[in-house]
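J.: First to last, the protein sequences are chains E and L. All residue numbers for the first sequence refer to this note's numbering, where the first residue is 45 and numbers rise by one. All residue numbers for the second sequence refer to this note's numbering, where the first residue is 5 and numbers rise by one. Please find one structure pasted underneath; my questions will follow.
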Amino acid sequence: MSSVGKKRRIIVLDRNGNRRETESDEDRVPHKKVKNDTLEQRRARSSQHTKSSFEEDLGRLTQEVNELKTGGQEQDQHWPRPNLPESWNPGDEDLIFQQIECDEGTFNGKTTIQLFGVTETGHSVLLHITDFHHYLYVAAPIGFTQQHLQGFRGFLEAKLQNGLEPAIAGVQILLRQNLYGFNGNQLSPYIKIDVTDPKLIPRLRSLIEHGDANYQKMWPAEDGGLKTFDAIQYVMRFMVDTEISGMSWVEVPAGEYHLVGRREKQSNCQIEATVNFKKLIAHPSEGEYQKMAPLRILSFDIECAGRKGIFPDAEVDPVIQIANMITRYGESKPFIRNVFTLGTCASIVNTQVLSYKNEGEMLLSWSDFLHRADPDVIIGYNIANFDFPYLLERAKNLKLVRFPYWTRLGHVKSEAKDSNFSSKQMGNRDTKATNTDGRLQLDLLQLVQRDYQLRSYTLNSVSAHFLGEQKEDVHHSMITELHNGTEDSRRRLAVYCLKDAYLPQRLMDKLMCLVNYTEMARVTGVPFNYLLSRGQQIKFISQLYRKAKEQKLVVPNLLPHGGDEQYEGATVIEPEKGYYDVPIATLDFASLYPSIMQAHNLCYTTLVKKGTCDRLGLQKDIDYEITPNGDRFVKAHRRKGMVPLILEALLGARKKAKADLKKATDPFEKAVLNGRQLALKISANSVYGITGATVGKLPCLQIASSVTGYGRQMIMRTKEEVEKRYTIANGYTHDAKVIYGDTDSVMVKFGPKDLPTAMELGTEAAEFVSQKFITPIKLEFEKVYFPYLLINKKRYAGLYWTNTEKHDKMDSKGIETVRRDNCRLVQVCIETVLRKLLIDQDIEGAQTYVKNLISDLLQNRVDMSQLVITKALSKSDYTAKQAHVELAERMRKRDAGSAPTLGDRVAYVIVKGAGGAKNYEKSEDPIFVLENSVPIDTKYYLENQLSKPLGRIFEPIIGDRKVQQLLTGDHTRTISVSAPAVGGLMKFAKKTETCMGCKIPLTKKEESGAAVCSDCESRFGELYQKTVTRVSDLEVKFSRLWTQCQRCQGSIHCEVICSSRDCPIFYMRMKAKKDVVDAGKDLKRFDVDISW
Amino acid sequence: MGQINVHSHSLSGLFSAANSRLKPGMLLLEARLEQAGVLKKVVDAIKDLVQDCNFDCNDSGIALQAMDNSHVALVSMLLKSEGFSPYRLDRNVALGVNLTSLTKVLRCAQNEDILTLKAEDTPDNLSLVFENAENDRISEYEIKLMDIDQEHLGIPETEYAAAISMPSAEFQRICRDLIQLSESVSIEASKEGVKFSCSGDIGSGSVTLRQHNNVDKPELSTKIELTEPVALTFSLKYLVNFCKASALSSVVTLSLSNEVPLLVEYAMGSGFVRFYLAPKIGEEE
């Protein structure tokens, strides 16, 4: 009762700043949460803002978090980690934690391994691991015995000259084998040299490799130097030898570890201890240890106040807001939500608003927040290249010395360094890397760019793609305006900023990046952060070394020799182009390359030279086999290859994960298992690539070329077998025909017109052919295409059937629907055409559709978003001039701030240019085109974009002649050309109205400005009505688009300020706005007619 | 017998169709030009600037007005009705023509042929008839028309500060010579004469023409009418393009005013071709 009264009073006092605060504070004490909510809701209603949908989301969060809240879990909006229980005593308790980062560190002046991690109760751990020595191998020369060890050790010690400290920790003779080449399974002596400090290894290695460590000239001088073995980084060496894999659980029994005293503590972790590496127990990620620790994940976003037309520059432009969301792993909603703002900000439901008068103060308290909340993982969108470096740069300019300590190590400063990442898979990228020792980083932008091929990588379009949700894309110049406004406008900005901080979190959940990458780390054994910062190779190397250790193999340190030796790739059976209206069965080899390696025992260790075969008396086809390329590999009974073993383990584990996945019921377990089976599959498939990469560390072209050689053989064999068996002569109704085949699949036309028979035959054929090959090679029947349009090599489309009831989907390969270097118009057009051809089987309809589309295009009725082409600006100097590069250059001249930079995708449209202008001169910024109504070069789109793919599709169906008609028929004779607002002559030109009926220019005095000419006067009524209808249609259209955008921004009371270049609605809205204005002008002209 | 009937029937059908199209009563436009060469030259002169354009037919003749794609130049052409005999037009009409197609058809005509343009009411086609007097050959062609929705833009008439008339061949030569050196030319008109100058990467050059009167051949005179000195810069690429109209007239008139487009006019006995070109300002292209 009384509470109701008080609530009312709050509203009355609401506009009365301070007094309201005290009143409500008093209230808040008893039921904090409830009060808070109602207050916020009421405030929201009383200010001009109506709640946006995102704010409603925010509102819901607390309730859900509260529901989740049980026993030891996090409290809402409570920053620090839970305290260690009072009773906690290192003498009694085993230290078990999930390690998330593994780094080189120092402790007491000695190099150590640092393991950062989190315990199951959510306490942070730093474990210093001592006494692990790095080492390398060198082959022992003939006559080198135990007696030489002492002398050799002294010799090396003298060469290394490590001051007072000893450099060599030990020298031993061990029996090992070289990884490369089969040698009758004979172990030979190798010298293992341990050093006291891993930093000495490179010196030691170069000493030996340059021939400067030839002790007593015992090694025969071959080319001056010696080969060393096992070149692997210290951290990886440690992980391999202790069998720790990335993100796995480790344990140190009670009493074996020693807590670090307060003085020596290097980190702000709750538990910091040292341990000898021998006492460390690594738990394989199985059973109970599949679990994840309750990691704290911070997702954040900053906003800066840029100046008009210039991209924010950390030297000048302040950071004005930082929004943060912290979620515990396993929970779906963040338990900390706050926003740091510069200047006042009206309060936001369920969010802590921390306002500061001074930017430096705000940044420092943010840094403080980071320390107290102590996240294990930091995520965001483009944080690596923007947010982190910007904050650091800004703090430097404001001279905030205390600011850049985001690491877990008290004395280590976070610094942004330029790094360049280049790989075949991802191309060249300039990135920045900021160190946050002990905290993982996941930049969702980098991740999405890496794993998904999209048209655009803005946060907006990525969330639209994955979450089906858009956000308003506020141009950076608008941000400053909002910031300089009132506390309500700043509130609007804060909500926007919060959403930007929340979306990466949701994306991560949706894409299950953390889970999948964790599983990848566990499967391949590399630390988590290697997965993002390193290429494919390290993953394989990690597995290889683990296996090599078991088998006493040593890996030679091969110097990359950048040779570009080529070998023959996969085969393609010449396609029999055409449109097939009978079912086409597809037979696939499951994991072809891995299974070839397994079946034929292809490995580094089984590769055998001819000489060795003779020496060991090996017999062809019994002890070894010769691959199609003439290389020799011994068979499994002589030596089981290591690569096949790795593959067996990977594929076996995958099978198991898949089986477990079927049984699993818990969504988290399911996610983990699915992530694991995916990681396993990717790892298995990457092995072949590494053997073929000559620039890599472990090239073995003999393996790679043998794999493709077998692959080619198998495809041809399959074709033969199928065509031999399924013939009329053998009692089948038709002669089967292989119409196409590529790498690991063949397409068979069996002949029968009905699906069930085709499927039966497919299943049977797959089994029949599988028998002809060595296990585990297996041909699988997967799907039937019906109908099927085979255009060319790697270009086809068809309706995909796996059951006889209903088709699964429409599948197309190599056709413009999937490629990104063309405009959406092509994509939509081809998709529709294919759908009409394949699903509706309506060839006539498809042609009509194309004709209408072309005629729309030529009359400028196609929406501009359909015509935008995007291309990545990937390097700074192109030899050939390209449209997007030239445009980026021109945009830079126009406005350096908003121009695209290296790595961005540039959006452009092709506009009409002077006669003979090159395409690269005709590219233009879509927004510029819209604003100035520059005419689009519709012919370019017809001739350079549409005609080729359409021709390819239609040619097999309707023939060459009809295709020509499709592209140049009567429907191409109505065109429309708009007059732009730019161009040298436009400011001088005067527009003469033309008659709306017959297009004749109205030059006569009495007609000028009117709608119709004297000849068309009779049609006045008809034309007037037409125009009125048009205007109202356009108005309706515009209103709809406007409302759509308002819904998207989440508030229907605010003006739309979004300018997202990826959003088709944006272009439509801009165009509709202009159309309404233009049509309105046309309508006015009728008034002139009436007056005369 | 029956077969012949069918054959003749289809033939007569063809004829009747052709006849009906050419029947004078149904025609909307009929314009006869003594020399096909005139239209050939006109189209040749403008086809590089404009690809698709409306021919506006009205009482005063056949006119065309369009901007080039980059909107730096404008072409205005008029073939006066007096130039045709006869010129018959029922009502005003805009004929949308693809100039590339029109050029193809006009190549089939010889310069001395008599040319007749014909169009039906609500036309889909424009028909062109070439008659050769010497060997009594009649050729008929049709091209498909387009429906072009284009804004009609014009340059308002202005008083120019300088008007230079000179032999068109001379102007063409100057433009062709100077484009070797640079992309743009500056034209300075003063009492003494008119100076075309340019400078490029490899060097610079200039041509000055003094006012002079050739009594024997007035078309070779250079005349300058000046109210105030003018200096402007233009893109040579466009000027060279304009010069393709030199075949139309031996005299060209350049009209200039500061900060106003240049007007290049080739006058014919019964019509004109005018080009307007925006001046280059500062660093702008």
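All residues carry an ideal CB built from backbone N, CA and C; glycine is no exception. Note that the structure is predicted; figures quoted are calculated from it, not measured.
In whole angstroms, give me the CA-to-CA distance for aspartate 228 of chain E and serine 586 of chain E.
T.: Taking the first residue of the first sequence as 1, we reach residue 228 of chain E at position 184. Taking the first residue of the first sequence as 1, we reach residue 586 of chain E at position 542. With the sequence shown as reference, residue 228 of chain E is identified as glycine, and aspartate is not the correct amino acid for it. So the two alpha carbons sit approximately 26 Å from each other.
J.: Can you check the segment 469 to 504 of chain E for any alpha helix (DSSP H) of at least 4 residues that lies completely inside it and give the ranges in chain order?
T.: If we require 4 residues or more, the alpha helix (DSSP H) runs fully inside the segment 469 to 504 of chain E come out as 488 to 495.
J.: Mind listing, in chain order, the continuous alpha helix (DSSP H) runs of no fewer than 4 residues lying wholly within the segment 775 to 826 of chain E?
T.: 799 to 815, all fully within the segment 775 to 826 of chain E.
J.: If we cut at 7 Å on Cβ distances, does aspartate 1077 of chain E have a partner in chain L?
T.: Within the first sequence, the letter at position 1033 stands for residue 1077 of chain E. It does not; no Cβ of chain L falls within 7 Å.
J.: Taking threonine 237 of chain L as the reference, give the member of L:Arg214, L:Ser225, L:Gln176 and L:Pro265 with the closest Cα.
T.: Numbered from its first residue, the second sequence carries residue 237 of chain L at position 233. For the residues L:Arg214, L:Ser225, L:Gln176 and L:Pro265, the minimum Cα distance to threonine 237 of chain L belongs to L:Pro265.
J.: Assuming serine 172 of chain L contacts serine 250 of chain L (C-beta within less than 8 Å), just tell me the rounded distance between them.
T.: Taking the second sequence and counting its residues from 1, one reaches residue 172 of chain L at position 168. Taking the second sequence and counting its residues from 1, one reaches residue 250 of chain L at position 246. Right, the Cβ-Cβ distance comes to about 4 Å (below 8 Å), so this counts as a contact.
J.: What is the DSSP secondary structure of glycine 29 of chain L, counted as helix, strand or coil?
T.: Taking the first residue of the second sequence as 1, we reach residue 29 of chain L at position 25. Bear in mind that a pLDDT of 47 at glycine 29 of chain L, under 50, signals an unreliable position, so the model cannot answer this.
J.: Shorter than 7 Å from the beta carbon of threonine 82 of chain E to some beta carbon of chain L?
T.: Translated into the one-based positions of the first sequence, residue 82 of chain E becomes position 38. Residue placement at threonine 82 of chain E cannot be trusted, given a pLDDT of 44 that sits under 50; the coordinates are not used to answer.
J.: Exposed or buried, isoleucine 152 of chain L, counting other C-beta atoms within 10 Å across all chains shown (16 or more means buried)?
T.: Here residue 152 of chain L is taken as the residue at index 148 of the second sequence, counted from 1. That one is buried.
J.: Could you tell me whether the Cβ of serine 274 of chain L comes closer than 7 Å to any Cβ of chain E?
T.: As a first step, residue 274 of chain L must be located in the second sequence, where it is residue number 270. Closer than 7 Å: no.
J.: Taking 7 Å as the threshold (C-beta atoms), are asparagine 673 of chain E and serine 749 of chain E in contact?
T.: Along the first sequence, one-based indexing puts residue 749 of chain E at 705. Along the first sequence, one-based indexing puts residue 673 of chain E at 629. Yes.
J.: Enumerate, from N- to C-terminal direction, the unbroken alpha helix (DSSP H) stretches of 4 or more residues contained entirely within the segment 270 to 332 of chain E.
T.: Qualifying alpha helix (DSSP H) stretches, in chain order: 278 to 286.
J.: Residues of chain E with CB under 7 Å from lysine 148 of chain L, in chain order?
T.: As a first step, residue 148 of chain L must be located in the second sequence, where it is residue number 144. Simply Arg1017.
J.: In three-state DSSP terms, what is alanine 178 of chain E?
T.: Here the question's residue 178 of chain E lines up with position 134 in the first sequence. Note on residue identity: the sequence assigns histidine, not alanine, to residue 178 of chain E. It is a strand residue.
J.: Under the rule that 16 or more other beta-carbon atoms within 10 Å means buried, what is isoleucine 235 of chain E, buried or exposed?
T.: Position 191 of the first sequence holds residue 235 of chain E. The residue in question, isoleucine 235 of chain E, is buried, as its Cβ has 16 or more Cβ neighbours within 10 Å.
J.: Let me make sure I understand the geometry here. Which of L:Glu161, L:Val189, L:Val234 and L:Glu163 has the alpha-carbon closest to that of glutamate 196 of chain L?
T.: As a first step, residue 196 of chain L must be located in the second sequence, where it is residue number 192. The option with the nearest alpha carbon to glutamate 196 of chain L is L:Val234.
J.: For isoleucine 640 of chain E, tell me which candidate among E:Gly755, E:Leu408, E:Phe141 and E:Phe160 has the shortest Cα-Cα distance.
T.: As a first step, residue 640 of chain E must be located in the first sequence, where it is residue number 596. Per the Cα distances, E:Gly755.
J.: Can the beta-carbon of phenylalanine 200 of chain L be found closer than 7 Å to that of valine 189 of chain L?
T.: As a working mapping, residue 200 of chain L is identified with position 196 in the second sequence. As a working mapping, residue 189 of chain L is identified with position 185 in the second sequence. Yes.
J.: What residues of chain L sit near methionine 1030 of chain E, judged by a beta carbon separation below 7 Å?
T.: Start at 1 with the first residue of the first sequence, and residue 1030 of chain E comes out as number 986. Chain L residues near methionine 1030 of chain E: His75.
J.: By a C-beta neighbour count over all protein chains shown, 10 Å radius and 16 as the cutoff for buried, is aspartate 274 of chain E buried or exposed?
T.: Indexing the first sequence from 1 puts residue 274 of chain E at position 230. Buried: at least 16 other Cβ atoms inside 10 Å.
J.: Is the shortest distance between the beta-carbon of glycine 957 of chain E and the beta-carbons of chain L less than 7 Å?
T.: Here residue 957 of chain E is taken as the residue at index 913 of the first sequence, counted from 1. Closer than 7 Å to some Cβ of chain L, the Cβ of glycine 957 of chain E qualifies, so yes.
J.: May I ask you to report which of helix, strand or coil DSSP gives glutamine 190 of chain E?
T.: Counting from one through the first sequence, the residue named residue 190 of chain E turns up at place 146. It is helical.
J.: Is the shortest distance between the beta-carbon of glutamate 138 of chain L and the beta-carbons of chain E less than 7 Å?
T.: Locating residue 138 of chain L in the second sequence gives position 134, where the first residue counts as 1. No, glutamate 138 of chain L does not count as interfacial toward chain E.
J.: From which residue to which residue does the alpha helix (DSSP H) around methionine 552 of chain E run?
T.: The residue you call residue 552 of chain E lines up with position 508 of the first sequence. Run containing methionine 552 of chain E: 531 to 555, per the alpha helix (DSSP H) assignment.
J.: Is lysine 654 of chain E helix, strand or coil by DSSP?
T.: As a working mapping, residue 654 of chain E is identified with position 610 in the first sequence. The answer is helix: DSSP assigns lysine 654 of chain E an H, G or I state.
J.: Residue range of the alpha helix (DSSP H) that proline 283 of chain L falls in?
T.: The residue labelled residue 283 of chain L in the question sits at position 279 within the second sequence. Element bounds for proline 283 of chain L: n/a, residue is neither H nor E.
J.: Hey, quick one: how far does the beta strand (DSSP E) through valine 1021 of chain E stretch, first residue to last?
T.: Position 977 of the first sequence holds residue 1021 of chain E. Per DSSP, valine 1021 of chain E belongs to the beta strand (DSSP E) from 1018 to 1021.
J.: Pull up the CB-CB distance for glycine 217 of chain E and proline 242 of chain E, whole angstroms please, since I reckon it's below 8 Å.
T.: Translated into the one-based positions of the first sequence, residue 217 of chain E becomes position 173. Translated into the one-based positions of the first sequence, residue 242 of chain E becomes position 198. Before going further, note that residue 217 of chain E is isoleucine rather than glycine in the sequence given. With a Cβ gap of about 22 Å, isoleucine 217 of chain E and proline 242 of chain E do not count as contacting.
J.: Sorted by chain position, which residues of the same chain lie with C-beta nearer than 6 Å to valine 813 of chain E's C-beta, five sequence neighbours on each side aside?
T.: Taking the first residue of the first sequence as position 1, residue 813 of chain E is located at position 769. So the qualifying residues of the chain are Thr762, Glu765 and Leu823.
J.: Have a look at E:Asn312, E:Ile288, E:Leu324 and E:Arg306 and flag the residue whose alpha-carbon is nearest the alpha-carbon of alanine 299 of chain E.
T.: As a working mapping, residue 299 of chain E is identified with position 255 in the first sequence. The sequence given here has glycine at residue 299 of chain E, not alanine. Comparing Cα positions, the closest option is E:Leu324.
J.: Name the chain L residues whose beta carbon is nearer than 9 Å to that of threonine 1036 of chain E?
T.: Stepping through the first sequence from its first residue, residue 1036 of chain E is reached at position 992. Correct list: Gln69, Glu155, His156, Leu157 and Gly158.
J.: Hey, could you find the ends of the alpha helix (DSSP H) phenylalanine 584 of chain E is sitting in?
T.: Counting from one through the first sequence, the residue named residue 584 of chain E turns up at place 540. Its alpha helix (DSSP H) spans residues 581 to 594.
J.: Looking at the structure shown, is asparagine 23 of chain L part of a helix, part of a strand, or coil, going by DSSP?
T.: Along the second sequence, one-based indexing puts residue 23 of chain L at 19. Confidence in asparagine 23 of chain L is poor, its pLDDT being 39 and thus under 50, which makes the residue's placement too unreliable to answer from.
J.: Would you call the CB atoms of valine 244 of chain L and cysteine 179 of chain L closer than 7 Å?
T.: Residue mapping note: residue 244 of chain L aligns to position 240 of the second sequence, counting from 1. Residue mapping note: residue 179 of chain L aligns to position 175 of the second sequence, counting from 1. Yes, the pair counts as a contact, with Cβ atoms nearer than the cut-off.
J.: With a threshold of 6 Å on Cβ separation, who are the neighbours of glutamate 287 of chain E within its own chain once the five nearest residues in sequence on each side are excluded?
T.: Taking the first sequence and counting its residues from 1, one reaches residue 287 of chain E at position 243. Excluding sequence neighbours, glutamate 287 of chain E sits near Ala326.
J.: For isoleucine 971 of chain E, which beta-bridge partners are listed by DSSP?
T.: Locating residue 971 of chain E in the first sequence gives position 927, where the first residue counts as 1. In the DSSP output, where bridge partners are listed per residue, isoleucine 971 of chain E has none listed.
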